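Numbering (this note's numbering), first residue to last: 70 to 247.
Structure, as structure tokens:
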Amino acid sequence: MPTYEDSELTTACVTSLVADDAAVEVIVWDNGSSPEVAAALDLLAGDRVQVHHGEENHGFALGNNLALAHATGDVVVFLNNDTTVAPGWLGPLREALTDDDVLGAQPLRLYPSGAIQSAGTAFPTCGGLPHAFLNGFPVEDAYGVEGLRFHSVTGAALALRHADAVALRGFDPVFSNG
């Protein structure tokens, strides 16, 4: 999980990740935050949490790649630092990846209001830019969406097999958010 100048949201994210009984290894990549923020992030380090510091802000893609170099599990989940997870969040992602035809999986992403942020990434059939499927819709509209297959998922909460992430060499480092 890359972060820059934000210990508050990152702390909430890490707290939600380790609150679950799931066997997780959390890797926080600090993209060159101020000494005060870096010190606050260091307080997160523990049995299941590693904190690594870069000297400069490498951005989302390269920050994730630098964190990936420290991952040891068979599945890696790339998360935005402003994400909080619900109990049981990891099981469905791992289950989806047991299907060899599934290359990546994402959870249903919700805004704090409870509205859907993303249920996948949809490409319009008539051309145009991809968009977050069901963005802004109520959560009950996502009933049955777990059976849909998408050509793309969001990097904000993306599960991949570790071997696949390494084979792909992570994210394209020239990627720019948005």
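Glycine included, every Cβ here is placed at the ideal spot set by N, Cα and C.
Treat the numbers as computed from the prediction; the structure is a model and nothing was measured.
Can you tell me whether residue i is buried or exposed, with buried defined as 16 or more other CB within 10 angstroms of its CB?
i: Asp99; result: buried
i: Thr194; result: exposed
i: Thr159; result: A quick correction: the sequence has Leu, not Thr, at residue 159. When all chains shown are included, Leu159 counts as buried.
i: Arg117; result: exposed
i: Ser102; result: buried
i: Gly205; result: exposed
i: Phe244; result: exposed
i: Thr79; result: buried
i: Thr167; result: exposed
i: Gly239; result: buried
i: Pro104; result: exposed
i: Leu217; result: exposed
i: Pro181; result: exposed
i: Ala198; result: The residue you asked about is not Ala; residue 198 is Leu in the sequence shown. Under this definition Leu198 is an exposed residue.
So, using beta-carbon positions, are residue i and residue j closer together than 8 Å?
i: Ala211; j: Ile185; result: yes
i: Val145; j: Leu229; result: yes
i: Pro242; j: Leu110; result: no
i: Ser187; j: Thr223; result: yes
i: Ala225; j: Arg178; result: yes
i: Ser190; j: Ala201; result: The displayed chain sequence assigns Thr, not Ser, to residue 190. Yes, Cβ-Cβ distance for Thr190 and Ala201 is below 8 Å.
i: Leu227; j: Phe147; result: yes
i: Leu172; j: Asp233; result: yes
i: His231; j: Asp143; result: yes
i: Asn133; j: Pro71; result: yes
Per DSSP, which residues does residue i bridge with? Please list them.
i: His220; result: Partner(s): none; His220 has no beta bridge.
i: Asp99; result: Thr72 and His122
i: Leu78; result: Paired residues: none, contrary to the question.
i: Val144; result: Arg230
Grab me the residues of residue i's own chain with a C-beta within less than 7 Å of its C-beta, minus the 5 sequence neighbours each way, in chain order.
i: His139; result: Ile96, Gln119 and His121
i: Ala114; result: Val120
i: Thr141; result: Glu94
i: Ser85; result: Thr153 and Val154
i: Val83; result: Val95, Val97, Leu113 and Val118
Can you list, in chain order, the residues of its chain whose CB lies under 8 Å from that of residue i, leaving out five sequence neighbours each side?
i: Pro207; result: Gly183, Ala184 and Ile185
Might you give, ordered along the chain, the residues of its own chain that have their beta carbon closer than 6 Å to the beta carbon of residue i, omitting 5 neighbours on each side?
i: Ala81; result: Thr153
i: Asp151; result: Leu78
i: Gly149; result: Residue identity check: residue 149 is Asn in the sequence provided, not Gly. Excluding sequence neighbours, Asn149 sits near Ala225.
**OP:** Please specify which runs of the beta strand (DSSP E), each continuous and at least 3 residues long, are wholly inside the segment 160-234, giving them in chain order.
**Re:** List check, beta strand (DSSP E) in window: 185-187 and 226-230.
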